[in-house]
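Undergrad: Just so we're aligned, residue 193 is where the sequence shown starts under the numbering used here, counting upward by one.
Each residue gets a CB set at the ideal place from its N, CA and C atoms; glycine is no exception.
A quick note: this is a predicted structure, and the numbers were derived from the prediction, not measured.
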Amino acid sequence: MLYKTYYNSPIGKLLLVSDGEKLIALCVENQKYYFDETKSDIALDDNLKVLEKTRKWLDRYFNKEAPNITEIPLAPQGGEFRQLVWKILCEIPYGKTITYGEIAKKVAKQLNKEKMSAQAVGNAVGHNPISIIIPCHRVVGTNGSLTGYAGGIDKKIRLLELEGLDMKMFFVP
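(1) Using a Cβ-Cβ cut-off of 7 Å (strictly less than) and excluding sequence neighbours within five positions of K256, which residues of its own chain qualify?
(2) Which runs of the beta strand (DSSP E) at least 3 residues long sit entirely within the segment 228-296? Give them in chain order.
(3) Quick check on DSSP: helix, strand or coil for L215?
(4) Might you give, ordered along the chain, the residues of its own chain that have their beta carbon closer than 6 Å to the beta carbon of I234, omitting 5 neighbours on each side?
(5) Just to confirm before moving on: does the CB-CB distance between A316 and M308 stay below 7 Å?
(6) Of the choices V242, L236, I203, S201, whose alpha-carbon is the least far from that of I216?
(7) For the beta strand (DSSP E) containing N200, list its first residue and its last residue.
(8) Taking the alpha-carbon positions, what's the N222 to D238 distance?
(9) Could you tell me the distance, in whole angstroms, from the CA atom of V209 to the CA atom of V277?
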């Protein structure tokens, strides 16, 4: 059984989904790869502890605090490669960015490979099921391009601005 609730954020309505103990999805309304609420037995539960905790975490985040990712028990669903990429995303500090290429180098090192495709990394980043908390919005192109945010580039920009980044160093291709 899965449980859901909604959160009205400055970037739009968010869907939060839990397995009862851990958060398995956090989606921005109309994002690419939105969690399919029709595929599972899913109940609306605004009082489930992990969903309440997530809403409070989001309140702090949108109030420009830097809540710690470890405060929320997470269980993103995906294969080994994606899990590895998402783990690296979790290490990106609040208010900082990393490039797809830098993540590819980290993944290659962890997999004992000479190199890794930044496109493969981009695919894994784009399929991150727990937006904002697993901060895929902090990933940018090597040249400063703001590409590849499933929730929309406008939302990526707003999240980066919220975290205090100087947006003059980035551009929308």
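TA: Short version:
(1) L354
(2) 234-236
(3) L215 carries a strand assignment under DSSP once its states are collapsed to helix, strand and coil.
(4) Once the five neighbours on either side are set aside, the close Cβ partners of I234 are L194, K196.
(5) no
(6) V242
(7) 194-201
(8) In this structure, the alpha-carbon of N222 lies about 21 Å from that of D238.
(9) 21 Å
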